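Contents: one structure, followed by commentary.
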Amino acid sequence: MVAETVVHQSVIFGMQPLWLAVAILLLVYGFVMAEKFNRAVLSLLGAGMMVLGGVLTQQQAVAGVDFNTIGLLTGMMVIVAISQKTGMFQYVAIRAAKAVKGKPWGVLVMLSVVTAVFSAFLDNVTTVLLIAPVTLLITDALGVRPYPYLFSQILASNIGGTATLIGDPPNIMIGSAAHLSFYDFLMNLAPIIPVVFLVTLFFIWLMFGRDLSATEENRQLIMSFNEQEAIKNVPLLKKCLLVLALVIGGFTVAHQFHLEPATIAMSGAALLLLLQTWGEPLSAKEHAYESVMAEVEWTTIFFFVGLFIVVTGVEHTGAIGWLAEQTLAMTDGNFNATVAAILWISAIASALIDNIPFVATMIPMIQDMGPTFGGPDALVPLWWALALGACLGGNGTLIGASANLIVAGFAQRSGHPIAFMVFMKHAFGLMLITIVISHIYLYLRYLS
Amino acid sequence: MVVSSVMVTEPQTCCMDEHLDTVLRRMHRLGLRMVPVLDVAGRVKGVLSTFSSLAHIVPDYIVSGDLASVSFAPDIGLLRQRYTLVADKCVAEVMELAPLMVAPGESLLSVASTLVGSGTHDYALVIDAEGRLSGLISAGDVIAALMSMTKDEK
């Protein structure tokens, strides 16, 4: 109580903490959307302003950082940074393309499946960074335009990432805040994902599938790709597969042992860091360690740290509680209507703005609805609505998710740029269809 | 010893609006790996090298992604196709815009440390105060100067 009194007295320019916190949040949101500055710098500046402006004490700011999310992200980034050196992702992509004998539509389907599956267990950005260059090489060899392939990969990465706790940052944040396990995500979100994926593929076939064709000579080029050559380090590959299996197995049983996913991911990362240079001289170990650390996306990590503090500041002033009350007033406190509102608002918002700050703001808002609906356990369908909306909504536009922009960058560099409006014309309607499917699923499974 | 006493003077040059294919063929004929690019006033605008040309020929998605290598892929005719496109451009579109530049009066120690510190270049353009090209100096020129000095001492 003493701290709170001090806090309110030290707010700058005589502004009320509520308005200052909201202004900081909106400024951070605005500048992140404008993409003129590094987003980690912006969120850390916002976090600093929350403390310097007296909205939060330093202790409250540090307590607001969800270290489970931070640990899980960092651990998985380390594992991926080491695994990608093995070439296993390219190996799988080439095997997939050869499995369908280089037939253009088959290649599109297989590469989409590979992207979706990898995205479920790794982060989407890493997945597309690994798969998009191989895809462009394959489409160059086939002599087909790459757009349908890259388009389907964007959608597949966001759809696949929705299936698991670790597939997409919003899920990591939701899982940590709501104490939902990897197993919970598998049991509740994964079942609908194949349906969403197949429906999406069907519409992609309607839009592009019938026009895809390649000569027999070009298909033979695909068959002459040597996937064995893609594997760069067999001993490291074995170590990576072992650790990945342990980590994924660990995620599925972590809840029973009262372990957080961050513990599993960080332990797996440490084990793989140890194994990757086992038996090598100290200088090689140090070099390998430094090289892996350079691959970790520290910008994303620090973006999360700053964002958690900014949202904690807003939450602390009661603004998010007010927003929750308004949402409940809008839906008359009707649970089904609230689930629908969260699903659709999340989907539309995620198509237009970065879904990470959006979800960071929605989490405390949903938590504040707990008393109305009978406690935290009753909120579970709301969490699934938020996850489905935020992850699948990213498919709506080219700026809806980081992976979309990465693929667009590759397309640009390959001389086949993806126009914002063209992508939106193809993707937005498809995104709405996947949200309709999600709505039906939520209704049938949790609301009827 | 200073740069002007070691540098190669009157090197081959090219203009910004020359056809890339013509310049590359001339470089091949003369056994050159790079030529300075000058404007009409003789001021340095960049450098055209075989390396910078190759960097434009290799598709960017291969080198900027997370592909460790493409040794798994056969020759799919991509380079030939890309060469045709790139060679049709003018020099200004392909040249390197920020070559290493040193002054004629700089010491050999200074230019040697500049070359090594750059990490990628083994030559520097020697530029006068008006930005005009005075000559070229390479790592080989520096080593040759050192050899000649050591020989004199012996």
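As given, the protein sequences belong to chains A and B, one line each in that order.
Sequential numbering of the first sequence, starting at 714, is according to my numbering.
Sequential numbering of the second sequence, starting at 16, is according to my numbering.
Beta carbons are placed, not taken as given, at the ideal position from N, Cα and C, and that holds for glycine.
Owing to the predicted nature of the structure, the values given are computational and were not obtained by experimental measurement.
Under 8 Å from the C-beta of residue 942 of chain A: neighbouring residues of chain B: 86 and 87
Within-7 Å CB hit, residue 72 of chain B to chain A: no
Proximal chain B residues relative to residue 854 of chain A, where beta-carbon distance stays under 9 Å: 88, 89, 91, 92 and 93
Residue 1076 of chain A versus residue 1031 of chain A - alpha carbon distance: 14 Å
Residues within the region 803-814 of chain A neighbouring chain B, beta-carbon criterion of under 9 Å: 803, 804 and 807
Nearest neighbour of residue 84 of chain B, chosen from A:791, A:1099 and A:798 [CA to CA]: A:798
Residue closest to residue 976 of chain A, alpha-carbon to alpha-carbon, out of A:991, A:1149, A:1022 and A:787: A:787
Residues sharing a beta bridge with residue 150 of chain B, DSSP: B:24 and B:141
Backbone secondary structure at residue 722 of chain A - three-state DSSP: Below a pLDDT of 50, predicted positions are generally treated as unreliable, and residue 722 of chain A, at 49, falls in that range; the measurement from the model is reported next regardless. Helix at residue 722 of chain A.
Residue 95 of chain B (DSSP reduced to helix, strand or coil): helix
Sufficient close CB pairs (3 or more, under 8 Å) joining the region 60-73 of chain B to the region 1139-1149 of chain A: no
Per-residue burial, residue 722 of chain A [other beta carbons within 10 Å of its own, 16 or more giving buried]: With a pLDDT of only 49 at residue 722 of chain A, under 50, the local geometry of the prediction cannot be trusted, and the value read off the model is given with reservation. Exposed, by the Cβ-count rule.
Cut-off 7 Å between Cβ atoms - residues of its own chain near residue 851 of chain A, not counting five sequence neighbours on either side: 810, 820 and 935
Cβ contact (3+ pairs, closer than 8 Å) linking the region 24-31 of chain B and the region 1051-1069 of chain A: no
In DSSP terms, what residue 122 of chain B is bridged to: B:17
Cβ-based burial, residue 135 of chain B [other Cβ within 10 Å; buried from 16]: exposed
Cα-Cα separation, residue 113 of chain B to residue 58 of chain B: 13 Å
Cβ distance (whole Å) where residue 5 of chain B is taken to contact residue 117 of chain B below 8 Å: Past the edges of chain B, shown from 16 to 169, lies residue 5 of chain B, and the structure says nothing about it.
Min CB distance residue 1123 of chain A to chain B below 7 Å: yes
Length of the line joining the Cα atoms of residue 751 of chain A and residue 46 of chain B: 45 Å
Closer than 7 Å to chain B by CB, residue 934 of chain A: yes
CB contact check: residue 864 of chain A to chain B, cutoff 7 Å: no
Within chain B, the residues that residue 938 of chain A reaches when beta carbons sit closer than 8 Å: 87, 88 and 89
Interfacial residues, the region 1011-1040 of chain A to chain B, with Cβ spacing under 7 Å: none
Integer-rounded CB distance, given that residue 1120 of chain A should sit under 8 Å from residue 845 of chain A: 5 Å
Neighbourhood of residue 133 of chain B by C-beta, 7 Å cutoff - its chain only, sequence neighbours within 5 removed: 115
Cβ shell of residue 153 of chain B (< 7 Å), same chain only, five flanking positions each side left out: 137 and 138
For residue 1077 of chain A, the three-state DSSP class (helix, strand or coil): helix
Selection from A:955, A:997, A:1008 and A:994 that minimises the alpha carbon distance to residue 1163 of chain A: Summary: the structure shown does not reach residue 1163 of chain A, with chain A confined to residues 714 through 1161, and so no result is reported for it.
Environment of residue 994 of chain A [buried if 16+ CB atoms lie within 10 Å]: exposed
Limits of the beta strand (DSSP E) - the one that residue 45 of chain B falls within: Premise fails: residue 45 of chain B lies in the alpha helix (DSSP H), 35-45, not in any beta strand (DSSP E).
Inter-stretch contact at 8 Å, needing at least 3 Cβ pairs: the region 879-897 of chain A / the region 1095-1107 of chain A: yes
Sufficient close CB pairs (3 or more, under 8 Å) joining the region 764-778 of chain A to the region 1042-1060 of chain A: no
Sequence-distant residues of its chain with Cβ nearer than 7 Å to residue 1019 of chain A (five each side left out): 753, 756, 757, 759 and 760
Whether residue 1027 of chain A touches residue 738 of chain A by CB criterion (7 Å): yes
Cut-off 7 Å between Cβ atoms - residues of its own chain near residue 763 of chain A, not counting five sequence neighbours on either side: 734, 737, 769, 774, 1022, 1023 and 1026
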